[in-house]
Structure formats: C-alpha cells, structure tokens
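Using my numbering, you'd call the opening residue of the sequence shown number 3 and step up by one each time.
Built from N, CA and C at the ideal position, the CB exists for glycine as well.
In what follows, a structure is listed as structure tokens, so that the remarks can point back to it.
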Amino acid sequence: MTPLPAIQRFDTDHGARVYRIPVRVFPNGFIGYCYVILNLGVPTLVDTGSGYPESNEHLLAGIAALHSDFGEALVLGDLQHILVTHGHIDHFGGVAFIQEQTGAMIGIHELDRRVLTAYEERVIIATKDLRVYLERAGIEPHERSAIMQMYGFAKKHVRSVKVDFSLDEDVMFEGMRFIHTPGHCPGQVCILLGDVLLSADHVLSHTSPHQAPESITHYTGLGHYRDALRKIEKVDGIEIAMGGHEDPMVDFYGRV
Numbered sequence: 003m004t005p006l007p008a009i010q011r012f013d014t015d016h017g018a019r020v021y022r023i024p025v026r027v028f029p030n031g032f033i034g035y036c037y038v039i040l041n042l043g044v045p046t047l048v049d050t051g052s053g054y055p056e057s058n059e060h061l062l063a064g065i066a067a068l069h070s071d072f073g074e075a076l077v078l079g080d081l082q083h084i085l086v087t088h089g090h091i092d093h094f095g096g097v098a099f100i101q102e103q104t105g106a107m108i109g110i111h112e113l114d115r116r117v118l119t120a121y122e123e124r125v126i127i128a129t130k131d132l133r134v135y136l137e138r139a140g141i142e143p144h145e146r147s148a149i150m151q152m153y154g155f156a157k158k159h160v161r162s163v164k165v166d167f168s169l170d171e172d173v174m175f176e177g178m179r180f181i182h183t184p185g186h187c188p189g190q191v192c193i194l195l196g197d198v199l200l201s202a203d204h205v206l207s208h209t210s211p212h213q214a215p216e217s218i219t220h221y222t223g224l225g226h227y228r229d230a231l232r233k234i235e236k237v238d239g240i241e242i243a244m245g246g247h248e249d250p251m252v253d254f255y256g257r258v
C-alpha cells in the first residue's frame with residue numbers, strides 16, 4: 003500500500019500555522035487530510051477522518067508529530083474546537099473518538115448538523131431515498147443490491163454526537179471565514195484563513211467531486227455546485243488552497 007504523504011506546515015499572512023495531516027480514511031488506501039490550526043484563537047482541528055481504526059491511529063500520530071517533529075507545544079487534549087467541513091463520513095467519522103479524548107466543542111454548517119446529531123436516523127432516510135432513486139432510474143435489482151451494499155459498508159461504526167455551534171457564513175469565527183459551497187454536500191463549507199483556503203471537497207486538485215441528485219438530498223447536485231464554484235471564485239487573495247484529498251493548489255482560481 004502507498005505510504006502516507008508527509009505532514010506539511012503552511013503559514014498564513016495573518017500569522018496562523020496550518021498543519022496538513024494525512025490519514026488513510028478507508029481500508030482501500032484512500033487518503034484524506036485533517037488540519038490543525040494554531041496561533042489563530044484556540045487550537046482547532048478541521049475534520050477528523052473516517053473513524054476507522056487506522057484513520058484514528060494516523061490522526062493521533064500526526065497530532066503527536068506536531069510536538070515531536072515541529073516543536074509545537076501541543077498535545078491532543080489542547081484541541082478546543084473541531085470544525086467539520088461537511089457531512090461525509092471520511093470527514094466526520096472520527097468526531098466522537100477525538101471529542102471523547104479532548105472535550106472539544108464541535109461545529110458544522112446547519113444543513114449538515116443532523117448528520118452528526120441524528121446520525122442513525124439520517125442513514126435510514128438517505129438509504130431509503132437512494133433505493134427509491136435507483137428504482138426510478140431503472141437500475142436492475144442485482145445492480146441496485148451491489149450499489150446499496152457499497153453505500154452502507156462504511157456507516158456502521160459511527161454514532162450521533164452533540165453539535166455545539168454552527169459554521170455560519172456571515173460571522174467571523176476566531177479569524178476564520180466560512181463560505182457555504184453546497185453541491186457535493188448540503189452543508190459543505192470552505193474555510194478562509196487570510197490567504198489560505200481550506201477548500202474541503204468543494205475544489206480538489208485533480209478530481210471533480212461527485213454530485214448526488216437533489217432528489218436524494220436537498221442542496222446537492224450540479225446546479226448548486228456550479229453556483230458555489232462561481233461564488234468561491236469571487237473570493238479574493240487566495241494564495242494556496244488545500245482540499246480534503248489530493249494536493250495543495252497554488253493556482254486555485256485556475257483550478258476553479
């Protein structure tokens with residue numbers, strides 16, 4: 003299996019330090035990135051990986067390496083906020099695991115809030131809506147079964163958690179600006195830290211993020227996504243953007 007990339011540090015023009023921590027979110031080797039933000043309000047973690055054992059191990063090791071390899075006076079228990087960029091399991095599945103060890107407060111956009119607070123209910127509803135969509139689309143029964151099995155394989159280890167605050171677009175939060183960019187996920191937000199953008203899964207360096215039909219989930223789909231691309235393109239001053247997967251983007255506007 004491909005080794006994990008190295009942890010990277012990025013400094014914003016406002017003096018914040020942003021650490022990019024790779025984690026293997028699924029057993030197939032798929033890699034995601036979590037971010038630790040320092041020197042901008044309280045120590046903050048952005049996204050938590052999938053919650054699978056290996057993902058949790060990589061995240062804990064990455065946070066520990068900020069002290070041992072980068073000289074940061076930080077231990078896991080210092081994290082006070084967990085910000086979830088959107089309600090997909092490879093980004094929030096580890097929330098309960100990290101919150102139990104830190105007591106950190108959890109924030110997510112209002113449109114994805116119930117994915118965390120009523121997780122079990124949301125899985126049932128989303129599964130039903132997907133099944134109905136596949137039937138209406140004329141997918142053969144054996145193919146529907148395979149798709150439904152794939153959809154549900156990574157969802158059984160997660161449980162509901164309390165959310166403490168919302169990531170509101172119109173409110174600056176400890177020097178961060180949240181930009182609501184639905185399409186890939188209803189509550190998808192990008193996080194602007196001076197000249198650095200955490201673009202989550204809205205914009206990735208190589209892949210165009212998958213879009214689900216709005217008949218399955220409101221505020222998803224290509225129409226919302228294209229509107230959100232135009233919206234994020236109007237944000238000035240982005241020198242580098244980093245997504246939830248793949249490589250940092252030095253020509254973010256060109257990628258959009």
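- Task: Have a look at S147 and E123 and give me their C-alpha separation to the nearest angstrom.
- Result: 21 Å
- Using only the heavy atoms of the ligand FAD, determine whether one of them is closer than 7 Å to the beta carbon of D197. Ligands displayed in this structure: none; no statement on the ligand FAD is therefore possible.
- Message: Rounded to whole angstroms, what is the Cα-Cα separation between G105 and L78?
- Response: 10 Å
- Span of the alpha helix (DSSP H) around D55: Checking the sequence, you will find Pro at residue 55 rather than Asp. Unbroken alpha helix (DSSP H) run through P55: P55 to S70.
- Scan the stretch 107-163 and note each continuous beta strand (DSSP E) run of 3 residues or more that stays entirely inside, going in chain order. 107-110
- Query: Are the beta-carbon atoms belonging to G89 and D114 less than 8 Å from one another?
  - Reply: yes
- Query: So, helix, strand or coil for G51, using DSSP?
  - Reply: Coil at G51, not helix or strand.
- Message: Between which residues of its own chain and R257 is the CB-CB distance below 7 Å, once the five residues before and five after are set aside?
- Response: V205, S207 and M251
- Query: For G197, which of helix, strand or coil comes out of DSSP?
  - Reply: A quick correction: the sequence has Asp, not Gly, at residue 197. DSSP, reduced to helix, strand and coil, places D197 outside both helices and strands of the structure shown, so it counts as coil.
- Would the beta-carbon of Y35 fall within 8 Å of that of R26? no
- Item | Span separating the alpha-carbon of M3 from that of H247 | 17 Å
- Item | Closest residue to H111 among D166, K233 and V38 (Cα-Cα distance) | D166
- Message: Using C-beta distances below 7 Å, list every residue in its chain close to A230, excluding the 5 sequence neighbours before and after it, in chain order.
- Response: T183, P184, G185 and H204
- Message: Just to confirm my understanding: we take G223, look at its own chain, exclude 5 residues before and 5 after, and list those with CB closer than 7 Å. What are they?
- Response: Same-chain partners within the cutoff: G185, Q213, A214, P215 and E216.
- Task: Find the nearest neighbour of S52 within the set K233, L62, P211 and H69, judged by alpha-carbon distance.
- Result: L62
- As assigned by DSSP and simplified to three states, the class of V97: helix
- Item | Close beta carbons around F180, own chain, < 7 Å, minus the five adjacent residues each side | Result list for F180: L169, D170, E171, V191 and I193, in chain order.
- Under the three-state reduction of DSSP, which class applies to D229: helix, strand or coil? Here D229 sits in helix by DSSP.
- Could you please give the first and the last residue of the uninterrupted beta strand (DSSP E) stretch that includes G34? I33 to L40
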